[in-house]
Every structure is written in structure tokens, then in C-alpha cells.
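Residue numbers (the working numbering), protein chains in the order written: chain A, 32 to 302; chain B, 2 to 304. Built from N, CA and C at the ideal position, the CB exists for glycine as well. Data block below; observations after.
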């Protein structure tokens, strides 16, 4: 029987390849995730336009007198020099806590994950594709934020692009890991969206991306110390203005990325 | 030819005491449509998931194409295909993207362009998943199940939620899969579906396998009585009890029901003609799989 022998041959070719094209699967899933993202206007607007709108409001209100009139706020660096790196951190946070959990819980509730599992897609490829897609989207969002600030306000060029890039990757990794963890533990898309939005706004207002740290009350500052975004803002601001590496912030973010990453792999559920 | 699937004394306990599957054994032969029939929660899906290697059995032995699906997942990748109960794809995923993605998941996948034609999805290749009708989604899921040119396909509650017309079409599709030489494991709680499609049926109830046979075999074995029915005004019908094979004669209004073993219709017909009667609605009611199921499990499938 010809078809049988053909099958046996194909089976033989499969033998010994435990994860056939594992990386190829990862990249394909990532690519599909990105395409799906572009087809969802609401997420698209929230992720890309919302930080720019906020930055626009802040820019119009505070302007950017670099080393300006009031040295007591914005680390003395000028409002937009202060806010631009902060909003790059906000973009990574928004992708991580809002987009990722909703996506993963939606896939679980709809049985998309079970479908993947039945085709033996490894867990790391499912979560990895989400993290990679988040990274790509964060890059695009950040470039848009930086370009907007550079074009409309006299924002200075980052003092260290290399440190900024390194800080950005750490930031993105930490928030993507938080996002996959939320996606793993949240029971439904609604719950994930609720939790994500609350985290988003709390962090937005208390981590230095809203009122500058100097005007915050002690209570606000203390809460801020528990929020990952505070460290993301610190890390990116240090790299942007001054070209320095904030080791505390970096270690905290790396710790978050590893812990949340490991936890989400452990707590991951297919259905 | 060795069986495609061998299940021996399979047992699956969730937590500490929820016994989902209790000592189930069966074999699936190459090229057949094998049905797992039972009500919701009977343990069908758990059984199939153990066979697919998606769950670890608490006890027992499972072999698919001669291999343990847990320890040889890599070897079996692509040799099994499946369509899942209540599964979806991302709303905005296009038909061709789904096929492309799933074909990249297994080496030696067939050309999905061919499948898209074969399953009537060519016009929908750029349509998003959410825009597809129930029937179109089913066809897409079948195409996805077949994209790795598997030797065995699992179809779990494939026609649940489809309207009667779409169900008929789905049945034709399942027969098409078998006709191309692929072994089919069909999980269903629809009696008519199992009766119409399956070469052999395993009846599962409360985690146990109560019978395995051809649909006809099950009927003959467990509910061999057939009924011959006709309308008649006469009251005196005792002579019908003497007809060969007849076990009982009952009257329900104008309707007379003779129950017994075959060939009952011919004998009753002959007796009626001998007595000068020729009812124009004389017919036989054969026991269905549903009757057998009721007899075997003591409850209806929907209960």
C-alpha cells in the first residue's frame, strides 16, 4: 500500500526530532500575535495613543524649561525630559498589564489554548510569543512616544542610548512577566481587564509618571516603592538624563521578571 | 494489522476521589470509525485526552500506533489529529493563517492549500474566524486536524451546536475522512450519529465501559426484540400469539403491537393474510441504539 509506506517514511523523518521547529513555532506565533494586535483598534489606540495623549497634556501644562525655573521638581531636568523616559516605561507597563492578561485569559476561556495544547504547542512557546510580541509592541510604542516628544518639545537626546536600550529591555521583560502571571492566575478576561486597569492607573499616578516624585506625599512615595513602574521610571530616567545605570532599579526589575516568569510557567493552565 | 489504539485497564482519578475513568479497555482497529458513546460527564473526553497524551492516566496502559503517547509525544506529533469540544481560534485570525500556523506545528504536514480546496474553504481563506458560520468553523477544524496528514483523528462532540442540516454535512465529512484511510475516534452523545457513522461503538457510563460492538451487534445482543405494528378494529387477536417468534401482543387503541424476535414481520404478515386481514400500515420498528443505551445504562443520554 503506497500511502502506508509514505506515512511510515514521514513517521521516520519525525523520529528523533523532539521539538520540531520549536523556534519556528515561537516566531510564527509571535508574528500572528502582532497581526492580531493590529486588527484590534481599541487595544491599538489604548496602547499607542493613550501615552501620547497624556504626554501631550503634561507637555502643554509644564512645558520643558530644561534645567528651568523650578529646580525643585522634575529632578531639575525639565518636565518633558522627565516625562519622556517615564512614558516609555508606561508603554511597557501598559502592554504588560493590560494587553497580555486580557489576551491570555481570552485564549483560555475560548479554548484557543486547549487547541494549541492538542497540537502539542509547548507552554514556553505560548508564553514566549506573548512576551516577544509585547516587546515588539513596546518598541513601537516607545519610538512613537520619543518621536512625539522630540518633534513637539525641546527634549534632549538620551545621554546613553545603550543604557536606555538595556533598561528598556529589563522594563519590558518585567512587565511582560507580570502580564503573563496575571494571565495565568486570573479566572476570566473580565477579571484580568479589571485587575490590569487598576494596576495601570495606580502605577501611572504613583510611580512618577503622574505627579513628579518631589510633590508626592510620604504615603504616595511609600506606596510607589512597592510599584514596579517606579523602578522602570527611575531606570529609564537615569539612562536618559545623565547616562547612568540605576542598579537598585535594575535589580528590582530583573527580580520581578524572573520571579513572575517562573511563577507564570508554574501556574500556567491550558483550560 | 496491529490495532491503532490499545487501551488497557485505563483509570483516571482527579484529585483524590473523583473517578472519571474506571478500568476502561478497548482497541481501535486501523481504518474504522470508532465511537465513544455516553452522556456528558461519562468519562469520554477524559479517556480520549489520556489516549492523546494530554493527561497522565492514574493507572493502566495506553498505546497509540504502538507507542506510549506520554513518553513518545514527539514521535506521535503529527500522526494524531484532533478536533476539540468547544474550542475556538482567535477572533481575528484568518482561515489561511490558522492552516499555515497549524501546519508549521508538525513536520511532514500536507500542503494546506489543498485542504482549503478540499474542505470548501477556498472562498473563505481571508475570512476571520469570528465571521465563519458554525459549519464553516467545523470544516476549518477538520482541515486543521488533517493538516499533519495524521493516521488517526479524534473528533470530540463534533456536531454539538450544529443545526440538523449542518450535522448531516458534518457526517458526510467524517465519512470522507475515513474514506481517505484515516482511523477516526468519534466522541459523541448523539445516538443517531453513532448509529449512522460508527463501525464500532463503545458505550461509556459513569467512567466505565459497558459494551463494545457494532451498532447492529449491540442491538442484537442487548435489545433483540423488534415490534410489528398495525391498525386493526378486531378485538379477537389471540391467535397472533401463536405466530413464530412472537412474545407478546398488546393493543393500544386501534394500534396493535406484536413484540418478538425476527423475522417477525413476515410471520405476522402471513398470519394476518390467513385471517383475511391486510392492514395497510403494517410495519416493523427495529430497536435503536437509544433503546440499547437505555437498557444498558438505565437512563437516557440527556439525563
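Spatial neighbours of residue i within its chain, please: CB distance less than 6 Å, with the 5 preceding and 5 following residues excluded, ordered by chain position.
{"i": "residue 270 (chain A)", "result": "191, 194, 195, 198"}
{"i": "residue 99 (chain B)", "result": "90"}
{"i": "residue 210 (chain B)", "result": "25, 203"}
{"i": "residue 93 (chain B)", "result": "129"}
For residue i, go through chain A and note every residue whose CB falls closer than 7 Å to its CB, in chain order.
{"i": "residue 83 (chain B)", "result": "149"}
{"i": "residue 98 (chain B)", "result": "63"}
{"i": "residue 89 (chain B)", "result": "141, 142, 143"}
{"i": "residue 337 (chain B)", "result": "The displayed coordinates of chain B run from 2 to 304. Any statement about residue 337 (chain B) would go beyond what the structure contains."}
Can you tell me where the alpha helix (DSSP H) with residue i in it begins and where it stops?
{"i": "residue 296 (chain B)", "result": "290–298"}
{"i": "residue 110 (chain B)", "result": "Neither: residue 110 (chain B) is in no alpha helix (DSSP H) and is coded neither H nor E."}
{"i": "residue 224 (chain A)", "result": "220–237"}
{"i": "residue 193 (chain B)", "result": "192–198"}
{"i": "residue 182 (chain A)", "result": "154–183"}
{"i": "residue 180 (chain B)", "result": "165–180"}
{"i": "residue 251 (chain A)", "result": "249–255"}
{"i": "residue 92 (chain A)", "result": "81–93"}
{"i": "residue 53 (chain A)", "result": "53–69"}
{"i": "residue 134 (chain A)", "result": "131–140"}
{"i": "residue 112 (chain A)", "result": "110–125"}
{"i": "residue 301 (chain A)", "result": "Unbroken run through residue 301 (chain A): none, as it is neither H nor E."}
{"i": "residue 145 (chain A)", "result": "143–149"}
{"i": "residue 140 (chain B)", "result": "135–147"}
{"i": "residue 76 (chain A)", "result": "That residue, residue 76 (chain A), is in no alpha helix (DSSP H); it is neither H nor E in DSSP."}
{"i": "residue 192 (chain A)", "result": "192–216"}
{"i": "residue 258 (chain A)", "result": "Careful: residue 258 (chain A) lies outside any alpha helix (DSSP H) and carries neither H nor E."}
{"i": "residue 277 (chain A)", "result": "Taken as a continuous stretch (DSSP letters only), residue 277 (chain A) belongs to no alpha helix (DSSP H), as it is neither H nor E."}
{"i": "residue 75 (chain B)", "result": "74–77"}
Just to make sure I have the definition right: I need the residues of chain B whose C-beta is within less than 9 Å of the C-beta of residue i. Which are they?
{"i": "residue 91 (chain A)", "result": "By Cβ distance, chain B contributes nothing, its closest Cβ being about 35 Å from residue 91 (chain A), past 9 Å."}
Starting from the C-beta of residue i, find all residues in its chain whose C-beta is less than 7 Å away, skip the five residues before and the five after it, and write them out in chain order.
{"i": "residue 182 (chain B)", "result": "32"}
{"i": "residue 286 (chain B)", "result": "227, 228, 230"}
{"i": "residue 52 (chain B)", "result": "6, 8, 63, 65, 70"}
{"i": "residue 293 (chain B)", "result": "219, 220, 223, 224"}
{"i": "residue 203 (chain A)", "result": "123, 165, 166, 169"}
{"i": "residue 119 (chain A)", "result": "173, 176, 177, 199, 267"}
{"i": "residue 121 (chain B)", "result": "140"}
{"i": "residue 241 (chain A)", "result": "235"}
{"i": "residue 83 (chain A)", "result": "175, 176, 179"}
What does DSSP give as the partner residues of residue i in its beta bridges?
{"i": "residue 209 (chain B)", "result": "B:206"}
{"i": "residue 25 (chain B)", "result": "B:11"}
{"i": "residue 316 (chain B)", "result": "Beyond the ends of chain B as shown, which are 2 and 304, falls residue 316 (chain B); an answer cannot be given."}
{"i": "residue 129 (chain B)", "result": "B:95"}
{"i": "residue 156 (chain B)", "result": "B:84, B:187"}
{"i": "residue 6 (chain B)", "result": "B:29, B:65"}
{"i": "residue 201 (chain B)", "result": "B:35"}
{"i": "residue 285 (chain B)", "result": "B:229"}
{"i": "residue 19 (chain B)", "result": "B:15"}
Given that residue i touches chain A, what residues does it touch there, using C-beta distances under 9 Å?
{"i": "residue 140 (chain B)", "result": "What residue 140 (chain B) touches in chain A: nothing, since even the nearest Cβ is about 15 Å away."}
{"i": "residue 119 (chain B)", "result": "Residues of chain A passing the Cβ test: none, with the nearest at roughly 16 Å."}
{"i": "residue 114 (chain B)", "result": "Under the 9 Å cutoff, chain A gives no residues; its nearest Cβ is about 17 Å from residue 114 (chain B)."}
{"i": "residue 53 (chain B)", "result": "149"}
Quick one: list the residues of chain B neighbouring residue i, beta-carbon separation under 8 Å, in chain order.
{"i": "residue 71 (chain A)", "result": "93"}
{"i": "residue 22 (chain A)", "result": "Only positions 32 to 302 of chain A appear in the structure, and residue 22 (chain A) is not among them; the question remains open."}
{"i": "residue 300 (chain A)", "result": "Correct list: empty, because the minimum Cβ distance to chain B is about 13 Å."}
Closer than 7 Å by beta-carbon distance: list the chain B residues that pair up with residue i, in chain order.
{"i": "residue 224 (chain A)", "result": "Those do not exist, as residue 224 (chain A) stays about 16 Å from chain B at its closest Cβ, beyond 7 Å."}
{"i": "residue 55 (chain A)", "result": "105"}
{"i": "residue 67 (chain A)", "result": "91, 93, 94"}
{"i": "residue 253 (chain A)", "result": "Here the premise fails: no neighbours, minimum Cβ distance about 41 Å."}
{"i": "residue 221 (chain A)", "result": "None at all; the shortest Cβ gap to chain B is about 16 Å."}
Given residue i, which residues of its chain have a CB within under 8 Å of its CB, disregarding the five upstream and five downstream residues?
{"i": "residue 195 (chain B)", "result": "36, 38, 187, 189, 202, 216, 290"}
{"i": "residue 48 (chain A)", "result": "The pLDDT assigned to residue 48 (chain A) is 40, lower than 50, so where the model puts this residue is not dependable, and the model offers no usable value."}
{"i": "residue 213 (chain B)", "result": "27, 201, 202, 203, 204"}
{"i": "residue 192 (chain B)", "result": "38, 289, 290, 291, 294, 302"}
Cβ closer than 8 Å: which chain A residues qualify as neighbours of residue i?
{"i": "residue 102 (chain B)", "result": "59, 60, 63"}
8 Å is my cut-off, CB to CB: does residue i come that close to chain D?
{"i": "residue 297 (chain A)", "result": "In summary, chain D is missing from the structure at hand, where the protein chains are A and B."}
Please give me, in chain order, every unbroken run of the beta strand (DSSP E) with length at least 3 that falls completely inside the segment 209–283 of chain B. Runs found: 209–214, 227–232, 247–253, 256–261.
Suppose only complete runs of 3+ residues qualify. What are the beta strand (DSSP E) ranges in the segment 36–67 of chain B, listed by chain order?
60–65
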